[in-house]
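Residue numbers 3 to 206, in this note's numbering, belong to the letters of the sequence shown in order. The structure appears right after this line, and notes come after that.
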Amino acid sequence: MTKRSSRKQEILEALAHMLEANPGDRITTAKLAQAVGVSEAALYRHFPSKAKMFEGLIEFVEESIFSRVQVITTEDAEALSRCYKVLSLLLMFTERNPGITRILNGDALAGETARLRSRVQQFYDRLETHLKQILRDAEVQEGLRPMVTVSAAANLLLASAEGRICQYVRSEFRRKPTEHWDEQWQLLTVQFFKSTHNPAQSFA
3 MTKRSSRKQE
13 ILEALAHMLE
23 ANPGDRITTA
33 KLAQAVGVSE
43 AALYRHFPSK
53 AKMFEGLIEF
63 VEESIFSRVQ
73 VITTEDAEAL
83 SRCYKVLSLL
93 LMFTERNPGI
103 TRILNGDALA
113 GETARLRSRV
123 QQFYDRLETH
133 LKQILRDAEV
143 QEGLRPMVTV
153 SAAANLLLAS
163 AEGRICQYVR
173 SEFRRKPTEH
183 WDEQWQLLTV
193 QFFKSTHNPA
203 QSFA
């Protein structure tokens, strides 16, 4: 790793730490430069704007989550198990990265460029698309169809995870997103599917 890329990584790590350590505070480049131990000019040699720094963290989230999602969707045969693992991955990632979670929640983007909020929306849209595909595959591979439409079912699952992420940020990281998740998942997915072979039959 070159010195330039090392410094770039250091800046992103410092930004994530500040977002975690100072919930509710607006991060300025002056404060960030002080935390890194460089001048503001040095920050801008690596990132042309603060927005680009936030984008760097969003890119880290995308790479971390979607590389693993691809593995999950190919290694597990059961649709509900795939959905559970995808959403659990998201919750565990946010639990381990509180500062970055403030970006995913939108809390840290107040007053920032609309492009960042759009980028986060695209992240969730992409995740929901993966869930929809898993549910569509269930009909072909397992003969199972959600009790509601695929779009409604995928949205319900993602909304449940997003709600836990919102609680995590709102509690200033005291209420863990994985807390009670396994129990709630069991309740959430009771009678989630019906058989396409016998529409009158549902599965717990």
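C-beta atoms are modelled at their ideal positions from N, C-alpha and C, and glycine is treated no differently.
Take Lys134, set aside five residues on each side of it, and the residues of its chain with a beta-carbon closer than 6 Å to its own are Val152 and Ala156, in chain order.
Minimum Cα-Cα distance from Leu146 among the listed residues Arg172, Glu42, His199 and Ala44 corresponds to His199.
Uninterrupted alpha helix (DSSP H) stretches at least 4 residues long and entirely within the stretch 25-83 occur at 31-38, 42-48 and 52-77, given in chain order. Within its own chain, the residues whose Cβ lies closer than 8 Å to the Cβ of Thr115, once the five positions on either side in sequence are excluded, are Ala53, listed in chain order. Just measuring C-alpha positions, the residue of Ala81, Arg166, Met55 and Pro25 sitting nearest Glu181 is Arg166. Taken in chain order, the complete alpha helix (DSSP H) segments of 4 residues or longer contained in the stretch 114-161 are 116-144. Setting aside the 5 residues that flank it on each side, Arg177 is surrounded in the same chain by Gln169 and Tyr170, each with a C-beta closer than 7 Å to its C-beta; the list follows chain order. The beta carbon of Arg70 is closer than 6 Å to those of Leu91 in its chain, skipping five residues each way along the sequence. When rounded, the separation of the alpha-carbon atoms in Lys87 and Val73 is 10 Å. Two segments are said to touch when three or more pairs of C-beta atoms, one from each, lie closer than 8 Å; by this definition the stretch 98-115 touches the stretch 44-64. With respect to the 8 Å criterion, Glu144 and Ala81 are classified as neighbours on the basis of their beta carbons. Inter-residue distance for Ala140 and Leu118 is about 34 Å (C-alpha atoms, whole angstroms). Ile136 is not a Cβ neighbour of Thr76, given a cutoff of 8 Å.
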